[in-house]
Structures are given as C-alpha cells and as structure tokens.
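J.:
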Amino acid sequence: MLPNIDFDGGRHSRARLGFVLLAMEQTIEEDMTHLAPPGVGIHFSRAPMANEITAANLAAMVDGLADSAALILPDVGLDVVCYACTSGSVVIGEEVVRSELARGCPGAVPTTLVSGVFAALEALGARKVVVATPYLDEVNRIEVDYMEGLGYEVLDLVGMGLTYDADMVRVTPDYIRDLAISVDRPDADAIFVSCGALRTVDVIDEIEEATGKPCVASNQAMLWHCLRLAGVDDRLEGLGRLFREH
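Counted from 1, the sequence shown has number 366 at position 215 by the working numbering; the numbering is strictly sequential.
Below you can see the structure in the form of structure tokens.
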C-alpha cells in the first residue's frame, strides 16, 4: 500500500441534489441525470403512493416524505432536497412539504417542484399564464386555485384527464408540444406544462419557437431551481429561455 491515499472531491464536487419521487415515477430520473451539468450529483429516493393520481392519494404522501428524504446520502448529505411532484406540491402545500423534507434531511435546502416553477415564472416576469396538464379535473382545480392564490392569472388550462402515471409517461412529446401550442393565448406571458411525468423537456424549444413565448416545464424548472439554490449557474442549451437567460 502507498503511504498516502490521494483524495479529490469525487464526481459530484460541485453539488449534490436529492429528489424524492413518486413510487411509480418513470420520467424524472432520466431527465435529471441526463440534463444535469458535469460535477453535479443527482440522487433519488421514492415515497409510497397509491397508483391513482388523485387529490386524496397525493395528500396522503405527506406521511412518507421525511423518511424518504432521510434515505438519500445520509452519510455525506445533500445541498438541496426536492419533492419532485408538481401536483403533490400544491395539494400538500409548499410549506408543509419543505418542513417534512427538512425533518428528514436537515442539512439540505428543502424545496418542491412547484416552487421551482414559481421561481422560473418570476425570473421570466410572467404573471399571466396558460397551463397544460395530464391531470384529472379535481387536481387541475386545486392547481389553478393555488396559483391564483399566489397572484398568477391563469388565462386557460387544458387537462388530459389521465388517472395513472403509467399513462402520463407515454404521452408523446409531439402531442405535448401541440397541446401546449393550442392552449396559448395572445395575452399570456408564458406557457406552463405541468407534471414531471410528461416528456416536455424534449420539446421546450419547439414550443417557444412556435409561440414566441417562454415555456416553463415541470422538470426543466425543477432542475433549474435546484441548481441555482446549490450555487450552480450553468446556462444549458435545449431547455428554453429559462436556462439560456437566467
């Protein structure tokens, strides 16, 4: 054995980000690991949830958030820990989610996916928005009420009426693009495509080119916000105006 072991910062010397996913989630892991810049560690755990994406099932997730967050790198810790569910964030409430994440992972900055969406809209100067979602009407109503309670004007919302995450992950990027373009209104400041299960990151630039407006997508906004909270300011191509300019 050599006398002195040589250490460096490891592969994730810039930041370590942790994400608490739905038990059945299939899209976010690939999006985050594929899109994160070099030197940023992306780590996951999953919280128990029934298969149907209903308001009641989303609300019940709160009981598992702290324990799920505690499973992510308990030895070295995280810089940021995020609950990676748009609809769950609004059903449970951002403050409650952050409190549970902080209880499970006390050394990290706690945040939620929808907190990233609101930070993105703020950075883009967008207050009047149109929204496309895969959700049931009951979840859509909660999301609209939540956004309007924060001062956003939701000019229109179109939902797909899907119940299962397994269906949401199979919606084609072309359909997502066309739906986002169709919901646009002349007086909208931005287009928000809600849900981390959708493959919206594949078509953000196409939506922006077609409408001339910024597109905020759940996974794009979540990654952007977590990176910025961790002090990583990289500008990334292919992820819309948000990552190019802010």
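Glycine included, C-beta positions come from ideal geometry on N, C-alpha and C.
Considering just the uninterrupted stretch of the alpha helix (DSSP H) at V247, what are its terminal residues?
T.: Position 96 of the sequence shown, counted from the start, is the residue given in the question as residue 247. That run of the alpha helix (DSSP H) goes 245 to 255.
J.: Taking the Cβ atom as the reference point for each residue, do A341 and P365 lie within a distance shorter than 8 Å?
T.: Position 190 of the sequence shown holds residue 341. Position 214 of the sequence shown holds residue 365. Yes; because the gap between Cβ atoms is below 8 Å, this pair is in contact.
J.: Find out if the Cβ-Cβ distance for the pair A283, V320 is shorter than 8 Å.
T.: By 1-based counting over the sequence shown, the position of residue 283 is 132. By 1-based counting over the sequence shown, the position of residue 320 is 169. In this structure, V320 does not lie closer than 8 Å to A283 by Cβ.
J.: Taking only the alpha-carbon atoms, compute the straight-line gap between V247 and T351 and give it to the nearest angstrom.
T.: Here residue 247 refers to the residue found at position 96 when the sequence shown is read from its first residue. Here residue 351 refers to the residue found at position 200 when the sequence shown is read from its first residue. Approximately 27 Å between the Cα atoms of the pair.
J.: With the cut-off set at 8 Å, would you say G255 and D296 are in Cβ contact?
T.: By one-based count along the sequence shown, residue 255 stands at place 104. By one-based count along the sequence shown, residue 296 stands at place 145. Cβ atoms of G255 and D296: not closer than 8 Å.
J.: Does the pairing of the stretch 298 to 307 with the stretch 369 to 389 give three or more beta-carbon distances under 8 Å?
T.: Touching, no.
J.: Are the Cβ atoms of L168 and L229 separated by less than 8 Å?
T.: Looking up residue 168 in the sequence shown gives position 17. Looking up residue 229 in the sequence shown gives position 78. Taking 8 Å as the Cβ cut-off, L168 and L229 qualify as a contacting pair.
J.: Who pairs with C366 in a beta bridge, going by DSSP?
T.: Start at 1 with the first residue of the sequence shown, and residue 366 comes out as number 215. Bridge partners of C366: I342.
J.: Taking the alpha helix (DSSP H) that H185 belongs to, which residues open and close that run?
T.: Within the sequence shown, residue 185 is the residue found at index 34, counting from 1. H185 -> alpha helix (DSSP H) spans 179 to 186.
J.: Between the beta-carbon of C346 and the beta-carbon of T237, is there less than 8 Å?
T.: What you label residue 346 is simply residue 195 of the sequence shown in a count that begins at 1. What you label residue 237 is simply residue 86 of the sequence shown in a count that begins at 1. With respect to the 8 Å criterion, C346 and T237 are classified as neighbours on the basis of their beta carbons.
J.: Compute the Euclidean distance between the alpha carbons of V367 and L153, then round it to the nearest angstrom.
T.: Counting from 1 along the sequence shown, the entry for residue 367 is found at position 216. Counting from 1 along the sequence shown, the entry for residue 153 is found at position 2. Straight-line Cα distance between these residues: approximately 52 Å.
J.: Please classify I193 as buried or exposed, where buried requires at least 16 neighbouring CB atoms within 10 angstroms.
T.: In the sequence shown, counting from the first residue as 1, residue 193 sits at position 42. Buried, by the Cβ-count rule.
J.: Can you give me the Cβ contacts of L222 inside the same chain, cut-off strictly under 6 Å, excluding the 5 residues immediately before and after it?
T.: Within the sequence shown, numbered from 1, the residue matching residue 222 stands at position 71. Once the five neighbours on either side are set aside, the close Cβ partners of L222 are S196.
J.: Who are the Cβ neighbours of W375 in its own chain at under 7 Å, not counting the five residues just before and after it?
T.: Residue mapping note: residue 375 aligns to position 224 of the sequence shown, counting from 1. These residues qualify, in order along the chain: G267, A271, L393, F394.
J.: Please state whether DSSP places G228 in a helix, a strand or coil.
T.: In the sequence shown, the residue the question calls residue 228 occupies position 77. Assigned with DSSP and collapsed to three states, G228 falls in coil, not helix or strand.
J.: So, is D335 buried or exposed, given that buried needs 16 or more other C-beta atoms within 10 angstroms?
T.: Residue 335 sits at position 184 when you count from the first residue of the sequence shown. D335 should be labelled buried.
J.: Which residue or residues does DSSP assign as beta-bridge partners of L168?
T.: For the purposes of this step, residue 168 is taken as residue 17 along the sequence shown, with counting starting at 1. Within the DSSP bridge table, the entry for L168 names I193, V231 as partners.
J.: Would P337 be called buried (16 or more neighbouring beta carbons within 10 Å of its own) or exposed?
T.: Against the sequence shown, residue 337 aligns to sequence position 186. Exposed, since its Cβ has fewer than 16 Cβ neighbours within 10 Å.
J.: For V295, does the three-state DSSP call read helix, strand or coil?
T.: On the sequence shown, position 144 is the one that residue 295 refers to. It is helical.
J.: According to DSSP, simplified to helix, strand and coil, what is E203?
T.: If you number the sequence shown from 1, residue 203 lands on position 52. If DSSP states are grouped into helix, strand and coil, E203 belongs with the strands.
J.: So with Cβ pairs under 8 Å, would you call G244 a contact of chain C?
T.: Going by chain labels, chain C is absent from the structure shown, which holds only one protein chain.
J.: May I ask you to list the residues that DSSP assigns as paired with T263?
T.: For the purposes of this step, residue 263 is taken as the residue at position 112 of the sequence shown. Partner(s): Y234.
J.: For T284, which three-state DSSP category applies?
T.: Here residue 284 is taken as the residue at index 133 of the sequence shown, counted from 1. Three-state result, T284: strand.
J.: What residues are listed by DSSP as bridge partners for L308?
T.: Taking the first residue of the sequence shown as 1, we reach residue 308 at position 157. Answer is V282.
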